[in-house]
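Engineer: Before I ask anything, let me first share the structure, which is written out below as structure tokens.
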Amino acid sequence: MNVGFGATPAMSDAQQSIADDLGAVGRTKLSECERKRLLAAWGVATEESTTIGTEVAIGVKRDDQLGPVLMYGMGGIFAEMAAEVTLRVCPISKQDAQDMVNEVAGSRILIGSNGRPKADVDSLIDTLVRVSELAVNLEGIIDEININPLIVLPRGQGVKALEAVITLSHQQ
623 MNVGFGATPA
633 MSDAQQSIAD
643 DLGAVGRTKL
653 SECERKRLLA
663 AWGVATEEST
673 TIGTEVAIGV
683 KRDDQLGPVL
693 MYGMGGIFAE
703 MAAEVTLRVC
713 PISKQDAQDM
723 VNEVAGSRIL
733 IGSNGRPKAD
743 VDSLIDTLVR
753 VSELAVNLEG
763 IIDEININPL
773 IVLPRGQGVK
783 ALEAVITLSH
793 QQ
């Protein structure tokens, strides 16, 4: 695991508003609307379903010593074939995100082969960075994030989170 440290990314007014709402005393669960609003504030689109694209998984878990740690790996049937993931301490840079994608052998499918279109790897990289920023900005409020599957659409079309689970911290 590569460990990198950086400054806490600044939050926009919309992101700060959501952080303040989530910091309310006694909150332990997010509604569906709150979950979508939170992800949207950090630029992660959600959608009910899609049939075109490659499934990947992104997660964050808070480590007692390291703080939020970002996980990336393949999703769907690709995860079953090779349960390979890579980890980084948040926040990460775009280069860290690119390295994470390159480290997972299954990610080669994103370049397009066997009739599959080239995937929007740039959007995947942006999403990895944004999720890491979300985790750092809301450290102490969010304990875990699990986005699986995140569909990487064909190049130029972005990514869509089909399912996301966000666990709030019990330390509030």
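In terms of our numbering, the numbers along the sequence shown are unbroken and rise by one, the last being 794. Where is the CB? At the ideal position from N, CA and C, for every residue including glycine.
Go ahead and pull the three-state DSSP assignment for D685.
Structural biologist: If DSSP states are grouped into helix, strand and coil, D685 belongs with the strands.
Engineer: Are D795 and V691 closer than 7 Å when you measure CB to CB?
Structural biologist: Only positions 623 to 794 of the chain appear in this structure, which leaves residue 795 out of reach.
Engineer: Just to confirm the assignment, what range does the beta strand (DSSP E) spanning V781 have?
Structural biologist: First-last of the beta strand (DSSP E) with V781: V781 to A783.
Engineer: Tell me P690's beta-bridge partners as DSSP assigns them.
Structural biologist: Note: P690 sits in a beta bridge opposite R684.
Engineer: In its own chain, which residues sit with a C-beta less than 6 Å from the C-beta of V682, not counting the 5 before and 5 after it?
Structural biologist: Cβ within range, chain order: P690, L692, A757 and I767.
Engineer: Rounding to the nearest angstrom, what Cα-Cα distance links E656 and D744 in this structure?
Structural biologist: Answer to the nearest angstrom: the Cα atoms are 26 Å apart.
Engineer: Between A727 and E785, what straight-line distance do the alpha-carbon atoms span, to the nearest angstrom?
Structural biologist: Cα to Cα, the separation comes out at about 23 Å.
Engineer: At a Cβ threshold of 7 Å, is L692 touching chain B?
Structural biologist: The structure shown has no chain B; it contains just one protein chain.
Engineer: Closest to G698 by CA distance: which of L790, I731 and P739 is it?
Structural biologist: The candidate whose alpha carbon is nearest that of G698 is I731.
Engineer: So A719 packs on L750, CB below 8 Å; how close in whole Å?
Structural biologist: Yes, they are in contact, since the Cβ atoms of A719 and L750 sit about 4 Å apart, within 8 Å.
Engineer: Just to check my reading of the structure: V678 and P771 have Cβ atoms closer than 8 Å, yes? What is that Cβ distance to the nearest angstrom?
Structural biologist: Indeed, because the Cβ distance is near 7 Å, the residues count as touching under 8 Å.
Engineer: Which runs of the beta strand (DSSP E), 3 residues or longer, sit entirely within the region 705-731?
Structural biologist: Fully enclosed beta strand (DSSP E) runs of 3 or longer: 707-711.
Engineer: For N759, which of helix, strand or coil comes out of DSSP?
Structural biologist: Helix at N759.
Engineer: Going straight from the alpha carbon of E725 to that of P739, what length do you get?
Structural biologist: Each residue's Cα considered, the two are about 21 Å apart.
Engineer: Can you give the beta carbon distance from I674 to P776, rounded, assuming they're within the 8 Å contact cut?
Structural biologist: Indeed, because the Cβ distance is near 7 Å, the residues count as touching under 8 Å.
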